[in-house]
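Below is one structure; the comments refer to it alone.
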Amino acid sequence: MSQPNQKLMADDDQEKPLSPAPEIRHRPPTTVDEASSTTSNKQSQGFRKCTIYCGIITAVVLIIAVVLLVLGLTVLHVKNPQITMNSATIIGFDRVNSTDLLTGKANLTVVADVSVKNNNVAAFKFKRSNSSLLYHQTVIGVADVPGGVAKARRTMRLNLTFEVAMAEITGNQQFGIDLSTGILPVESYTKIKGRVKILNMIKKKATVTMNCSFAVNITSRGIVGQNCKRHVYF
Numbered sequence: 000m001s002q003p004n005q006k007l008m009a010d011d012d013q014e015k016p017l018s019p020a021p022e023i024r025h026r027p028p029t030t031v032d033e034a035s036s037t038t039s040n041k042q043s044q045g046f047r048k049c050t051i052y053c054g055i056i057t058a059v060v061l062i063i064a065v066v067l068l069v070l071g072l073t074v075l076h077v078k079n080p081q082i083t084m085n086s087a088t089i090i091g092f093d094r095v096n097s098t099d100l101l102t103g104k105a106n107l108t109v110v111a112d113v114s115v116k117n118n119n120v121a122a123f124k125f126k127r128s129n130s131s132l133l134y135h136q137t138v139i140g141v142a143d144v145p146g147g148v149a150k151a152r153r154t155m156r157l158n159l160t161f162e163v164a165m166a167e168i169t170g171n172q173q174f175g176i177d178l179s180t181g182i183l184p185v186e187s188y189t190k191i192k193g194r195v196k197i198l199n200m201i202k203k204k205a206t207v208t209m210n211c212s213f214a215v216n217i218t219s220r221g222i223v224g225q226n227c228k229r230h231v232y233f
């Protein structure tokens with residue numbers, strides 16, 4: 000009984016097929032062309048990224064430059080302050096007689112209405128100074144110009160008072176000639192030093208001068224022919 004069983008077992012062993020060995024697949028080696036293509040693709044991607052980043056940075060820089068240029072030409076641009084003599088009035092002239100005028104004993108006061116116009120977006124702060132009244136290049140009166148602040152895009156009014164030294168006029172060699180024509184030529188010179196400060200970034204000093212020439216009509220006792228020239232120095 001044992002022999003037939005052993006035979007059957009032997010037949011089973013012979014008929015049972017062996018499982019095939021697992022197939023080992025080898026990755027084909029990378030060729031030189033494929034490696035070069037991979038490297039080229041990586042370089043191309045890096046170049047595209049660099050181009051994009053550089054383009055973004057360039058665009059931002061250009062935008063900032065344009066904004067600064069526009070601000071520099073408009074808001075941040077320092078504009079010239081202006082001084083204007085609106086009018087000049089002689090006080091006491093109506094009470095002066097010919098004798099007092101000829102002898103230089105007359106007491107005359109000239110009051111000038113002056114405007115300081117500030118066209119900037121920031122205040123124009125100026126120091127205390129003075130203004131001179133001249134007759135044929137001789138100073139006949141001095142007025143104090145108080146320091147102050149002309150607000151942004153505003154006009155500040157000042158009254159300048161000159162006490163006229165009549166002795167300086169009558170003692171001038173040209174006085175007799177001017178008296179015969181009835182016209183006394185007078186000049187004024189005003190100088191103001193100040194500074195404009197915008198956004199604590201731009202600070203610019205400015206000196207504004209004004210030369211005015213006018214004439215005093217002895218007959219009408221008024222001021223005629225006013226002409227002013229202004230200059231600004233930074």
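Residue numbers (this note's numbering): 0 to 233. Note that beta-carbon positions come from the ideal geometry of N, C-alpha and C, so glycine has one too. None of the values given here were measured: they were computed from a predicted structure.
Pair within 8 Å by beta-carbon distance, Ala149 and Val185: no
Do you know offhand how far Cys53's Cα is from Ala151's? 41 Å
Answer with buried or exposed for Pro145, where buried requires no fewer than 16 other C-beta atoms within 10 angstroms of its C-beta. exposed
Using three-state DSSP, classify Met200 as helix, strand or coil. coil
Sorted by chain position, which residues of the same chain lie with C-beta nearer than 6 Å to Tyr188's C-beta, five sequence neighbours on each side aside? Ser131 and Asn210
Counting Cβ pairs, one atom from each stretch, are 3 or more of them under 8 Å apart for the stretch 101-116 and the stretch 161-180? yes
Own chain partners of Lys78 with C-beta closer than 6 Å, once the 5 adjacent residues on each side are dropped: Asn118 and Asn119
Whole-angstrom C-beta distance between Pro80 and Val231, which should lie under 8 Å: 7 Å
Proximal residues to Met0 (C-beta, below 8 Å), its chain only, five neighbours per side dropped: Reliability of the predicted coordinates at Met0 is poor, the pLDDT of 47 falling under 50, and no value is obtained from them.
Residues near Met135 in its chain [Cβ-Cβ closer than 6 Å; skip 5 each side]: Looking at the sequence provided, one finds His at residue 135 rather than Met. The answer, listed in chain order, is Asn171 and Gln173.
Please tell me whether Pro80 has its Cβ less than 8 Å away from any Cβ of chain D. The question asks about chain D, but that chain is absent: this structure has only one protein chain.
So within the stretch 42-130, which uninterrupted alpha helix (DSSP H) runs reach at least 4 residues, ignoring any that extend past its ends? 97-102
Counted within 10 angstroms of its Cβ, other Cβ atoms place Met200 as buried (16 or more) or exposed: exposed
Given that a residue counts as buried once 16 or more other Cβ atoms are within 10 Å of its Cβ, and exposed if not, what is Leu198? exposed
Apart from the five residues on each side of it in sequence, which residues of its chain come closer than 6 Å, Cβ to Cβ, to Arg194? Lys124 and Lys204
For Leu61, is the classification buried or exposed, using 16 other Cβ atoms within 10 angstroms of its Cβ as the cut-off for buried? exposed
Could you spell out where the beta strand (DSSP E) holding Ile222 opens and where it closes? Gly221 to Tyr232
Within the same chain, show all residues whose beta-carbon is closer than 6 Å to that of Ser212, passing over the 5 residues directly before and after it, in chain order. Glu186 and Asn226
In the DSSP assignment, find the unbroken alpha helix (DSSP H) run with Ile168 in it and report its ends. Met165 to Thr169
Proximity below 8 Å, CB of Ile182 to CB of Asn216: yes
With distance defined between alpha-carbon atoms, name the residue in Thr154, Gly91 and Thr137 nearest to Ala121. Thr154
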